[in-house]
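There are 2 protein chains.
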Amino acid sequence: MQVQVISSVNEASTAKFHHKTAIIIDVLRATSTIISAIEAGASCVLPAETVMEARALHRPGDLLGGERFCRKIAGFDLGNSPDEYNEQNVAGKRVILTTTNGTRAIHKSMRADYVLTASLLNAEACAKAALDLRRDIVLLCAGSHDEFAIEDGLCAGLVLNKLIELGGAPIETDDFGIAMLALYRNRANFIKETLLSGMSGKRLCKLGFKKDVEACAAIDVYQTVPRLNGDLLTRG
Amino acid sequence: MQVQVISSVNEASTAKFHHKTAIIIDVLRATSTIISAIEAGASCVLPAETVMEARALHRPGDLLGGERFCRKIAGFDLGNSPDEYNEQNVAGKRVILTTTNGTRAIHKSMRADYVLTASLLNAEACAKAALDLRRDIVLLCAGSHDEFAIEDGLCAGLVLNKLIELGGAPIETDDFGIAMLALYRNRANFIKETLLSGMSGKRLCKLGFKKDVEACAAIDVYQTVPRLNGDLLTRG
C-alpha cells in the first residue's frame, strides 16, 4: 500500500487523489473540531469554503460554526474550539463549518474515492478505517497560511506509524512520509510541547486558546472517523 | 538568530533571501560534488543552469561537469560523482557544473547577502561559517523533481542541530525546521540507511551509483565551505 504525504493544501492538486483514500489533517483545529462534533452526536458537518457559502447553506435548526483569524465569525453560533462542539450544543444538529485551511483541504480532496478526517484525537481509528478501504492513501496536511504546520506533520507521522503497526499490508511511503514518520518517532513523548512550539500553537496561545491546543494534543481518545458522503461529513 | 528551512527549490522565492545567509543543500549529489571539488583544489566551481550555458562558459583549461537524469552529459569531462572531483582531476582548474536541482537552487538564492553550500560532508564547518556571518539563515533543500528529498531534509536538520550545539546565539526556527531537526535526531544513527531509503538514493542505486550515495553519507569529513563570490563558488 502506497502512502503519500502532502505538506500543505498549497501542494495538493486534485489529480493526486484519484482512486485513493484521502485523509485530511488539520490538528489546530478544524479536523479536531469536526471529530469532536461527530463524536458528540452532530448528525453531520457540512464544510463550507467561505463565510458567505456557510450562511447560504444554513437552514433553520442548523448550527453555524467556524473561524477567521482564529476567532468566531460575527453572527455564528460557534467558533472553532473542539470543546464547544459538545453533546449539549450539537447533538442531533447539522453543523455548517468554515475554517481557514481545513475546509479548503477537504474541498481539494473531493476527487478521492474516500475522504476521511484525522487528528491526534482519532489517529488509530482513522488508520484502521483507511486500511479497511483498501486503497492507496494520501495524507493531506492542511497546514497554515499555505505553509507546513508541525502539528499536521506530527499527526501524519502518527497515522503512518499506526498503519505500519497495524501491519495489514506492507506500507511504502515517499520522502516526505519518511520525514514525518521520523518526526513523530522523535517527538512521541513530547506531543503537547511540539504543538505549543509551532506557529499555529503559538498564535492560538496568544489569542487565549491554549486549552484548545492542549485538548488537541490528546492521542486516540475517540473512535469516530468522520467520512465525506456527498458534501457531508458523517460518522464513518 | 532566525533559521528558515525551505523544503524544495519549488518553494523558494528570491524575496526570502534578502539580507540573509543562504545555505544550499543538495546532498545527492550537487553540493557534495562542489564541496569535494573545492576540497580537492579546484580553483572555483561555476554553476550553470543549462547544458548550453555550461558549454558557453567553457574556456580552454576548464572542466565541464554535471548530469542530466543522473548521468554524465555527452562531451563533458566529468559527471556528478563526488569522487571524480579528486585532486588529480581538478586541482587548479575551473569547473563549470550543471546539475538538475543544485545549480537551480544556487541561482534562486543569489539575492542573499552570502551563499554557502552544505552537504553532510561539511555540515559543522558550514554551521560555523554561517554563525560567523551574523545574518539570519535560510536553509534551502534543493530536493528532486520539485519535491522534497529526504537526504536534503536530513542535512538541514543536521546543520540546525550544529547551529544549536555551537550555541553562539539562540536559534529560532520555523515549523519545517522543527520537523527537520526531529528527523535528523531520529535518524542520526542511520544516516546511510536514510539516504538509501529515499527516492534519489534508490534511483542512484538503480543506475549503479550506490558508492556515491554511501560516500555522500559521511558526516563532517571536510572543513571546506564553498561560498558564492559573484558567479563563482570558491573556498569560503
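Here the protein sequences line up with chains S and Y, keeping their order. Residue numbers for the first sequence follow numbering that gives the first Met the number 0, beginning at 0 and rising by one. Residue numbers for the second sequence follow numbering that gives the first Met the number 0, beginning at 0 and rising by one. For glycine and all other residues, C-beta sits at the position ideal for the given N, C-alpha and C.
According to DSSP, residues forming a beta bridge with residue 143 (chain Y): As a working mapping, residue 143 (chain Y) is identified with position 144 in the second sequence. Residue 143 (chain Y) pairs with Y:146.
Where residue 91 (chain Y) and residue 27 (chain S) are concerned, what is the direct C-alpha to C-alpha distance, given to the nearest angstrom? Here residue 91 (chain Y) is taken as the residue at index 92 of the second sequence, counted from 1. Here residue 27 (chain S) is taken as the residue at index 28 of the first sequence, counted from 1. Straight-line Cα distance between these residues: approximately 55 Å.
So what does residue 169 (chain Y) bridge to, in DSSP terms? Here residue 169 (chain Y) refers to the residue found at position 170 of the second sequence. Paired residues: none, contrary to the question.
Please identify, using Cβ separations under 7 Å, the residues of the segment 177-203 of chain S that lie next to chain Y, in order along the chain. 177, 178, 181, 182, 184, 185, 186, 196, 197 and 198
Reference residue 222 (chain Y), options Y:2, Y:36 and Y:7, closest by Cα: Sequence index remark: in the second sequence, residue 222 (chain Y) carries index 223 (1-based). Closest by alpha carbon: Y:36.
State the DSSP-derived secondary structure class of residue 66 (chain Y), mapped to helix, strand or coil. The residue given as residue 66 (chain Y) occupies position 67 in the second sequence. Of the three classes helix, strand and coil, the one that applies to residue 66 (chain Y) here is strand, per DSSP.
Can you check whether the C-beta of residue 6 (chain S) is within less than 9 Å of a C-beta belonging to chain Y? To locate residue 6 (chain S), count along the first sequence from 1; it is residue 7. Chain Y, which has a Cβ nearer than 9 Å to the Cβ of residue 6 (chain S), makes this yes.
By DSSP's criteria, residue 18 (chain Y) is part of a beta bridge. Which residues make up the other side? The residue you call residue 18 (chain Y) lines up with position 19 of the second sequence. In the DSSP output, where bridge partners are listed per residue, residue 18 (chain Y) has none listed.
Express the C-alpha separation of residue 117 (chain S) and residue 151 (chain Y) in angstroms, rounding to a whole number. By one-based count along the second sequence, residue 151 (chain Y) stands at place 152. By one-based count along the first sequence, residue 117 (chain S) stands at place 118. Cα-Cα distance, rounded: 28 Å.
Buried or exposed by the 16-neighbour rule on C-beta atoms within 10 Å, applied to residue 220 (chain S): Residue numbering aside, residue 220 (chain S) sits at position 221 when the first sequence is read from its first letter. So residue 220 (chain S) ends up on the exposed side.
I'd like to know if the segment 124-131 of chain S and the segment 43-61 of chain S are in contact, where contact means that at least 3 CB-CB pairs between them fall below 8 Å. no
Quick check on residue 149 (chain Y) - is its C-beta less than 9 Å from some C-beta in chain S? Position 150 of the second sequence, counted from the first residue, corresponds to residue 149 (chain Y). Judged by the 9 Å Cβ criterion, residue 149 (chain Y) is in contact with chain S.
Tell me, which residues are paired with residue 43 (chain S) by DSSP? Mapped onto the first sequence, residue 43 (chain S) falls at position 44. According to DSSP, which records beta bridges pairwise, residue 43 (chain S) is partnered with S:93.
Cβ-based contacts, 9 Å cut-off: residues of the segment 125-146 of chain S near chain Y: 142, 143 and 146
Mind checking whether residue 62 (chain Y) and residue 82 (chain Y) have CB atoms under 9 Å apart? Sequence index remark: in the second sequence, residue 62 (chain Y) carries index 63 (1-based). Sequence index remark: in the second sequence, residue 82 (chain Y) carries index 83 (1-based). No, the pair does not count as a contact, with Cβ atoms beyond the cut-off.
Taking only beta-carbon positions, decide if residue 75 (chain S) is within less than 9 Å of chain Y. Residue numbering aside, residue 75 (chain S) sits at position 76 when the first sequence is read from its first letter. No - not a single Cβ of chain Y is within 9 Å of the one on residue 75 (chain S).
Is residue 183 (chain Y) helix, strand or coil when you go by DSSP? The sequence position of residue 183 (chain Y) within the second sequence is 184, counting from 1. In the structure shown, residue 183 (chain Y) sits in a helix (DSSP, three-state: H, G or I).
Residue 138 (chain S) - partner residues in DSSP beta bridges: Locating residue 138 (chain S) in the first sequence gives position 139, counting from the first residue. Beta-bridge pairing links residue 138 (chain S) to S:4 and S:22.
Whole-angstrom distance between residue 105 (chain S) and residue 176 (chain Y), CA atom to CA atom: Start at 1 with the first residue of the second sequence, and residue 176 (chain Y) comes out as number 177. Start at 1 with the first residue of the first sequence, and residue 105 (chain S) comes out as number 106. Taking the straight line from one Cα to the other gives about 26 Å.
In terms of residues, what are the limits of the alpha helix (DSSP H) holding residue 124 (chain Y)? Here residue 124 (chain Y) refers to the residue found at position 125 when the second sequence is read from its first residue. 122-132 is the extent of the alpha helix (DSSP H) around residue 124 (chain Y).
Please name the residue in Y:143, Y:156, Y:216 and Y:185 whose C-alpha comes closest to that of residue 199 (chain Y). Reading the second sequence from its first residue, position 200 is the one you call residue 199 (chain Y). Residue Y:143 is the option with its Cα nearest to residue 199 (chain Y).
For the beta strand (DSSP E) containing residue 212 (chain Y), name the first residue and the last one. Mapped onto the second sequence, residue 212 (chain Y) falls at position 213. Looking at the DSSP string, residue 212 (chain Y) is not in any beta strand (DSSP E); the run it does join, the alpha helix (DSSP H), is 209-215.
Just the C-alpha distance for residue 154 (chain Y) and residue 111 (chain Y), rounded to the nearest angstrom, thanks. Sequence index remark: in the second sequence, residue 154 (chain Y) carries index 155 (1-based). Sequence index remark: in the second sequence, residue 111 (chain Y) carries index 112 (1-based). Using only the alpha carbons, I get a separation of about 20 Å.
With three or more beta-carbon pairs closer than 8 Å as the criterion, would you say the segment 16-24 of chain Y touches the segment 155-171 of chain S? no
Name the residues in the segment 161-175 of chain Y whose C-beta lies less than 8 Å from a C-beta of chain S; which are they? 173, 174 and 175
Would you mind telling me which residues of chain A sit closer than 8 Å to residue 152 (chain Y), beta carbon to beta carbon, in chain order? No chain A appears in the structure shown, which is made up of the protein chains S and Y.
Would you report the Cα separation of residue 3 (chain Y) and residue 180 (chain Y), rounded to the nearest angstrom? Working through the second sequence from its first residue, we reach residue 3 (chain Y) at position 4. Working through the second sequence from its first residue, we reach residue 180 (chain Y) at position 181. So the two alpha carbons sit approximately 12 Å from each other.
Helix, strand or coil for residue 233 (chain Y) per DSSP? If you number the second sequence from 1, residue 233 (chain Y) lands on position 234. In this structure, residue 233 (chain Y) counts as strand in the three-state DSSP scheme.
Straight-line gap, residue 193 (chain Y) to residue 31 (chain S) (C-alpha atoms, nearest Å): Indexing the second sequence from 1 puts residue 193 (chain Y) at position 194. Indexing the first sequence from 1 puts residue 31 (chain S) at position 32. Approximately 32 Å, taken between the alpha carbons.
Quick check on residue 188 (chain S): does DSSP put it in helix, strand or coil? As a position in the first sequence, residue 188 (chain S) is number 189, starting the count at 1. Correct three-state label for residue 188 (chain S): coil.
Would residue 236 (chain Y) pass as a contact of residue 95 (chain Y) if the rule is Cβ separation under 9 Å? In the structure as shown, chain Y begins at 0 and stops at 235. Residue 236 (chain Y) is therefore absent and cannot be evaluated.
Decide if residue 206 (chain Y) is buried, meaning its Cβ has at least 16 other Cβ atoms within 10 Å, or exposed. What you label residue 206 (chain Y) is simply residue 207 of the second sequence in a count that begins at 1. Exposed.
Looking only at its chain, what residues have a beta carbon closer than 7 Å to the beta carbon of residue 230 (chain S), apart from the 5 residues adjacent to it on each side? In the first sequence, the residue the question calls residue 230 (chain S) occupies position 231. Once the five neighbours on either side are set aside, the close Cβ partners of residue 230 (chain S) are 45.
Anyone know if the C-beta pair for residue 41 (chain S) and residue 141 (chain S) falls short of 9 Å? Sequence index remark: in the first sequence, residue 41 (chain S) carries index 42 (1-based). Sequence index remark: in the first sequence, residue 141 (chain S) carries index 142 (1-based). Taking 9 Å as the Cβ cut-off, residue 41 (chain S) and residue 141 (chain S) do not qualify as a contacting pair.
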